[in-house]
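In the working numbering, the protein residues as written are 3 to 289. Glycine included, every Cβ here is placed at the ideal spot set by N, Cα and C. Fair warning: this is a prediction, and the values are worked out from it, not measured in the lab. Following: one structure in structure tokens, then a few remarks.
Here is the structure:
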């Protein structure tokens, strides 16, 4: 799953792009671009990839993606096998300096500057904040001129002040992939596309064009962890999302995350999370 760079034209006659997408399903390529992107899911569900974060998405999701951060939304294929429009979103794209290259240096822009910095890891807005953002963003489609710009600034202000959010990509992703380590990036792409299947060191070493010993040394030097630890973190992270949704049993979550042995899954889960899958399931109820 190679991340494709997309050249998005900076709007000359407007401060930002906004559009409403209506599709049979979300099935874009994993990509990144220079501009920030604010996405609202109006209709549809599936799997969302933001950096090394893999989560399900559904109606009401509001996500801010930073520039150069790879991302894609993919619908559940079994639920989208007709030509009927089943997926809808609003997408706003803008550059960090859309109000001028000195604007973020002003003391009044401190919260906005922090917001754009957090967006480098992807931001998911939660609870009441997401509802407020959806209302304002929907109204944004109806406005023009200065009214539209002022409402957009109000949207960014709300996003910058809230505490109802979570960051998506891990520090590992930001420090390695985000900083354009080509070999690690290739390995990451391979893992994100294949983590639910068996993966061997020989395979990933070949992806990095290295022998197995050299790859293990290189990966640990760059990421400060072994490849097996990295792979387990991706798999366990995805298993947590499945368990939290309460749609899957622990055994089903294990298999969907790439573990063929429940006992091995339980062991790796405890090593990664310091609790058992069943304990995690109990603490996650109602979250």
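Which of helix, strand or coil DSSP assigns to residue 66: strand
Touch test, the stretch 134–152 against the stretch 193–200, Cβ-Cβ under 8 Å, three pairs minimum: Using a C-beta cut-off of 8 Å, the stretch 134–152 makes no contact with the stretch 193–200, since fewer than three inter-stretch Cβ pairs fall below that distance.
N-terminal and C-terminal residue of the beta strand (DSSP E) that residue 2 is part of: The displayed coordinates of the chain run from 3 to 289. Any statement about residue 2 would go beyond what the structure contains.
Contact set for residue 107: own chain, Cβ-Cβ below 7 Å, skip 5 residues either direction: Hits under 7 Å: none found.
Residues sharing a beta bridge with residue 314, DSSP: With the chain running from 3 to 289 in the structure shown, residue 314 is simply not present.
If contact is defined by three or more beta carbon pairs under 8 Å, each pair taking one atom from either stretch, is the stretch 21–35 in contact with the stretch 44–56? yes
DSSP state of residue 118 mapped onto helix, strand, coil: The three-state reading of DSSP puts residue 118 in helix, counting H, G and I together.
Please report the distance separating the alpha-carbon of residue 176 from that of residue 253. 31 Å
Which first and last residues belong to the alpha helix (DSSP H) in which residue 275 is found? 264–275
Do you know how far the Cα of residue 211 is from the Cα of residue 224? 16 Å
Could you compute how far the alpha carbon of residue 98 sits from the alpha carbon of residue 20? 15 Å
DSSP three-state assignment for residue 59, whether helix, strand or coil: strand
Which class does residue 35 belong to by DSSP, given the choice of helix, strand or coil? strand
Taking only the alpha-carbon atoms, compute the straight-line gap between residue 149 and residue 37 and give it to the nearest angstrom. 22 Å
Anyone know if the C-beta pair for residue 68 and residue 118 falls short of 9 Å? yes
For the alpha helix (DSSP H) that residue 286 lies in, which residues bound it at each end? 279–286
Three or more C-beta pairs below 8 Å linking the stretch 270–278 and the stretch 231–242: yes
Please classify residue 309: does DSSP put it in a helix, a strand, or coil? Shown here, the chain extends from 3 to 289; a query on residue 309 therefore has no answer.
Per-residue DSSP class, three states only, for residue 52: strand
Along the chain, where does the beta strand (DSSP E) that runs through residue 96 open and close? 89–96
Can you list, in chain order, the residues of its chain whose CB lies under 8 Å from that of residue 245, leaving out five sequence neighbours each side? Excluding sequence neighbours, residue 245 sits near 252, 255, 279, 282, 283 and 286.
Can you grab the Cα-Cα spacing for the pair residue 122 / residue 169, in whole Å? 9 Å
Have a look at residue 42 and residue 136 and give me their C-alpha separation to the nearest angstrom. Straight-line measurement puts the Cα of residue 136 at about 7 Å from the Cα of residue 42.
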